[in-house]
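Novice:
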Amino acid sequence: MGIVESRTLLGVKPTLSLRNISKTYGAVQALTSVSVDFFRGCVHGIVGENGAGKSTLMKVLTGAVSPDNGEYILDGQRILINHPREAQAHGISIVHQELNLFPHRTIAENIFAGRELVKGGRLQIDAMWRRTAEVLKQLEIDLDPDAPVGRLSIASQQMIEIARSVAFDASVLIFDEPTATLAEDDCRILFSLIRKLRASGLVIIYISHRMAEIFDLCDEVTVIKDGRKALSVPTADVDPEQLVSAMIGRRLDEYYPARRGPQSPARSVLKIVGGSGQNLSDINLELRGGEVTGVFGLKGSGRSELAYALWGSPGFREGVVTLDGCPLALTSAGHAMRAGIGFVPEDRKSEGLALELPLCENLLLAKRVLSGWLGGPDPAGAVATQAVFDRVAFAPADPKAPVSSLSGGNQQKVVLSKWLLVDAQVLILAEPTRGVDVGAKAAIYGLLRKLADEGRAILVLSSELPEVLGISDRVLVMRDGTLIAEFPPDTAESEILLKAGGKPYA
Ligand SMILES: Nc1ncnc2c1ncn2[C@@H]1O[C@H](COP(=O)(O)OP(=O)(O)OP(=O)(O)O)[C@@H](O)[C@H]1O
Ligand SMILES: [Mg+2]
């Protein structure tokens, strides 16, 4: 019996219902009459393309923005949420992607920040410490309430955010893309914590672009498309293809582009022999023109360090680097750029883009550095820019808009365009589809294949194994700072995970 039938049979009522929620931002109709039911003891996934309205729906629910229309029903009672404090008072809490902790304060101080326990005008330090210790124990988080938060890993800081909600008896806990900044091992820890919270009877709302997570974790899933609810079903009743079709409004026949199959020996472009450096040892790697090479590694495997070494910042401490057979000093990003290497960093927001600058300026970042031409309009003009946008299938509404206003997928297209404008022949991409929706992911995969087919050497380093297998011509496994194995792309995931030192999901 499915979830819905057993609920009907048992007469279970939704814990929380959103009814006919609408929200406009100026001319943008972000949400149109969205109604969703949430049940305690269930993880409810929310999916949809970039800009579909997922975060807006959660902002409405947590009182961060006011809806134009609609109502909320909690445990059968109509409630009002006009301010985050009202949402909190009703036990509705969100774990933000950008963590809002005070790095110099302790865990206990953070948990009670802004809601300190005070009695007779005095802070109840001991009581806050005890409550913190109690919640950490309940969640099986092995940390000291006195530890300063700034020294914790991102994953642990996220745990503290969760503990903060639990300490104040949250009954509805919202996660908006919580794994976007987490490594694979940390995702596993987060998932087991979420399952614990579910078992304790919370309503969990979980937003993600990663299909595997939705199917691993969620009992039900709602698809938001263009601000409307497209679908709300038990996860067991849909498959990933149906979900993706509902998200993008058409079938996505080819998620991963076709490979061309075995080629005549490809031209060696960039070669590293015996490369070593911080967390890297004896790296032997050859990138060939026309090929997409994938590197898969768990957190701490040296995957990120390898990406930066290939970008010269910092470069390899030892070893020989050659480009088209000639020795190459790869000791700074400037060297890398002049050698025709383009870099798409893991964190495009802090490294790949100048967020506050217009997108047309972002496009010129690499070109300006390479030509030493710093200001004024682009001498090569709009023609080259248009040609590049055509190639990445991107038609910006307003090239002068700040790049921060674009969706994740379009931001990534700007980063790629920046390198196409200077015709980079080697592209190093770290986590190229992080925070990018399914439709834009498919577009980026297709683009990478096309760029390889034109003769470029492409290296994708990713912690998402299905992605690495889906787009690469060959897959290299990284572990303990070195590349330990090479597999063809039709290898089973479990075999590669085992080699990488990981455990299968869930
Ligand atoms: N503060 C705002 N002012 C104006 N428009 C906004 C604002 N916040 C969001 N929007 C617009 O509302 C729509 C929905 O945005 P929202 O952030 O909810 O999407 P999302 O589904 O969370 O996307 P993503 O997957 O990229 O996080 C988009 O068109 C977005 O540009
Ligand atoms: Mg969002």
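Following the working numbering, the numbering of the sequence shown begins with -12 at its first residue and continues without gaps.
Heads up, the beta-carbon is just placed ideally off N, CA and C, and yes, glycines get one too.
1) Is it the case that the CB of Ala39 approaches a heavy atom of ligand 1 more closely than 6 angstroms?
2) For Ser268, which residues in the same chain have their Cβ closer than 7 angstroms to its Cβ, ignoring the five residues on either side in sequence?
3) Do the segment 414 to 424 and the segment 443 to 456 meet, that is, are 3 or more Cβ pairs less than 8 angstroms apart?
4) According to DSSP, simplified to helix, strand and coil, what is Cys29?
5) Taking 7 angstroms as the limit between beta carbons, can you name the residues of its chain near Ser300, skipping five residues before and five after?
6) For Val15, verify whether its CB is less than 6 angstroms away from any heavy atom of ligand 1.
7) Any idea what DSSP makes of Asp113, helix, strand or coil?
8) Secondary structure at Asp131, three-state DSSP: helix, strand or coil?
9) May I ask which residues mark the beginning and end of the alpha helix (DSSP H) holding Thr222?
10) Return the Cβ separation of Leu452 and Leu485 in integer angstroms, given the expectation that the two are a contact with Cβ distance under 8 angstroms.
11) According to DSSP, simplified to helix, strand and coil, what is Leu567?
12) Alpha carbon to alpha carbon, how far is Glu200 from Tyr492? Give it in angstroms, no decimals.
13) Tell me whether Thr43, by its Cβ, gets closer than 6 angstroms to a heavy atom of ligand 1.
14) Can we say the segment 393 to 412 touches the segment 46 to 62, given the rule of at least three CB pairs closer than 8 angstroms?
15) Would the segment 204 to 211 and the segment 30 to 37 be scored as touching if the rule is three or more Cβ pairs under 8 angstroms?
16) Closest to Ala245 by C-alpha separation, out of Thr11, Phe25, Gly(-2), Leu456, would be which residue?
17) Can you tell me the Cα-Cα spacing of Pro1 and His83, whole angstroms?
18) So is Thr43 buried or exposed if we call it buried at 16+ other beta carbons inside 10 Å?
19) Hey, Val462 and Gly281: beta-carbon distance below 7 angstroms or not?
20) Could you check what DSSP says for Thr469 in three-state terms: helix, strand or coil?
21) What is the rounded straight-line gap between the Cα of Ile8 and the Cα of Ala487?
22) Return the chain-ordered list of same chain residues with a C-beta closer than 7 angstroms to the C-beta of Arg378, the five sequence neighbours on each side being excluded.
23) In the DSSP assignment, what are the bridge partners of Thr93?
24) Can you grab the Cα-Cα spacing for the pair Leu67 / Lys41, in whole Å?
25) Compute the Euclidean distance between the alpha carbons of Glu454 and Ser391, then round it to the nearest angstrom.
26) Give me the DSSP bridge partner(s) of Leu267.
27) Going by DSSP, what residues sit across from Arg461 in a beta bridge?
28) Using the rule of at least 16 other Cβ atoms within 10 Å of the residue's Cβ for burial, across every protein chain shown, is Ser450 buried or exposed?
29) Name the one or two DSSP bridge partners that Lys46 has.
30) Any contact of the segment 120 to 132 with the segment 85 to 103, i.e. 3+ C-beta pairs under 8 angstroms?
31) Hey, is the segment 264 to 278 in contact with the segment 287 to 302, meaning 3+ C-beta pairs nearer than 8 angstroms?
32) Can you determine whether any heavy atom of ligand 1 sits closer than 6 angstroms to the C-beta of Tyr193, and answer yes or no?
33) Apart from the five residues just before and just after Ala154, which ones in its own chain have a Cβ nearer than 8 angstroms to its Cβ?
34) Are the CB atoms of Phe178 and Leu204 nearer to each other than 7 angstroms?
35) Could you give the distance in angstroms between the alpha-carbon of Ala430 and the alpha-carbon of Leu272?
36) Straight-line CA distance for Arg436 to Glu278?
Specialist: According to the structure shown:
1) Sequence index remark: in the sequence shown, residue 39 carries index 52 (1-based). Within the cutoff, so yes.
2) Within the sequence shown, residue 268 is the residue found at index 281, counting from 1. Within the same chain, Ser268 has close Cβ partners Gly468, Thr469.
3) yes
4) To locate residue 29, count along the sequence shown from 1; it is residue 42. Residue state, collapsed to three classes: strand.
5) For the purposes of this step, residue 300 is identified with residue 313 of the sequence shown, where counting begins at 1. Closer than 7 angstroms at Cβ, skipping near neighbours: Ser319, Ala320.
6) Within the sequence shown, numbered from 1, the residue matching residue 15 stands at position 28. Yes, since a heavy atom of ligand 1 falls inside the 6 angstroms radius drawn around the Cβ of Val15.
7) Within the sequence shown, numbered from 1, the residue matching residue 113 stands at position 126. Reduced to three states, the DSSP call for Asp113 is helix.
8) In the sequence shown, the residue the question calls residue 131 occupies position 144. The answer is coil: DSSP assigns Asp131 none of H, G, I, E or B.
9) The residue you call residue 222 lines up with position 235 of the sequence shown. No alpha helix (DSSP H) contains Thr222, which DSSP labels as neither H nor E.
10) Walking along the sequence shown from the start, residue 452 turns up at place 465. Walking along the sequence shown from the start, residue 485 turns up at place 498. Contact flag wrong, Cβ pair sits at about 11 angstroms.
11) Past the edges of the chain, shown from -12 to 493, lies residue 567, and the structure says nothing about it.
12) Here residue 492 refers to the residue found at position 505 of the sequence shown. Here residue 200 refers to the residue found at position 213 of the sequence shown. For Tyr492, the predicted structure reports a pLDDT of 44, less than 50, and the residue's modelled location is therefore unreliable. The matter cannot be settled from this model.
13) On the sequence shown, residue 43 is found 56 positions in, with the first residue counted as 1. True, at least one ligand heavy atom lies under 6 angstroms from that Cβ.
14) no
15) yes
16) Reading the sequence shown from its first residue, position 258 is the one you call residue 245. Nearest of Thr11, Phe25, Gly(-2), Leu456 to Ala245, Cα basis: Leu456.
17) As a working note, residue 1 is residue 14 in the sequence shown. As a working note, residue 83 is residue 96 in the sequence shown. Taking the straight line joining both Cα atoms gives about 25 angstroms.
18) On the sequence shown, residue 43 is found 56 positions in, with the first residue counted as 1. So Thr43 ends up on the buried side.
19) In the sequence shown, the residue the question calls residue 462 occupies position 475. In the sequence shown, the residue the question calls residue 281 occupies position 294. Taking 7 angstroms as the Cβ cut-off, Val462 and Gly281 qualify as a contacting pair.
20) Here residue 469 refers to the residue found at position 482 of the sequence shown. Looking at Thr469 - three-state DSSP - the assignment turns out to be strand.
21) Counting from 1 along the sequence shown, the entry for residue 8 is found at position 21. Counting from 1 along the sequence shown, the entry for residue 487 is found at position 500. Answer to the nearest angstrom: the Cα atoms are 46 angstroms apart.
22) In the sequence shown, the residue the question calls residue 378 occupies position 391. Excluding sequence neighbours, Arg378 sits near Leu407.
23) Here the question's residue 93 lines up with position 106 in the sequence shown. DSSP output for Thr93 lists Pro135 as bridge partner(s).
24) Here the question's residue 67 lines up with position 80 in the sequence shown. Here the question's residue 41 lines up with position 54 in the sequence shown. Looking at the two C-alpha atoms, the distance is approximately 20 angstroms.
25) Here residue 454 refers to the residue found at position 467 of the sequence shown. Here residue 391 refers to the residue found at position 404 of the sequence shown. Each residue's Cα considered, the two are about 25 angstroms apart.
26) Counting from one through the sequence shown, the residue named residue 267 turns up at place 280. Leu267 pairs with Gly264.
27) Counting from one through the sequence shown, the residue named residue 461 turns up at place 474. BP columns for Arg461 point to Thr280.
28) To locate residue 450, count along the sequence shown from 1; it is residue 463. Buried: at least 16 other Cβ atoms inside 10 Å.
29) Against the sequence shown, residue 46 aligns to sequence position 59. In the DSSP output, where bridge partners are listed per residue, Lys46 has none listed.
30) yes
31) yes
32) For this step, residue 193 is matched to residue 206 along the sequence shown. Because no heavy atom of ligand 1 lies under 6 angstroms away, the Cβ of Tyr193 does not count as near it: no.
33) Reading the sequence shown from its first residue, position 167 is the one you call residue 154. Closer than 8 angstroms at Cβ, skipping near neighbours: Ile98, Phe99, Arg118, Thr119, Val122.
34) The residue you call residue 178 lines up with position 191 of the sequence shown. The residue you call residue 204 lines up with position 217 of the sequence shown. Yes, the pair counts as a contact, with Cβ atoms nearer than the cut-off.
35) Position 443 of the sequence shown, counted from the first residue, corresponds to residue 430. Position 285 of the sequence shown, counted from the first residue, corresponds to residue 272. Distance between the alpha carbons of Ala430 and Leu272: 27 angstroms.
36) Sequence index remark: in the sequence shown, residue 436 carries index 449 (1-based). Sequence index remark: in the sequence shown, residue 278 carries index 291 (1-based). About 8 angstroms.
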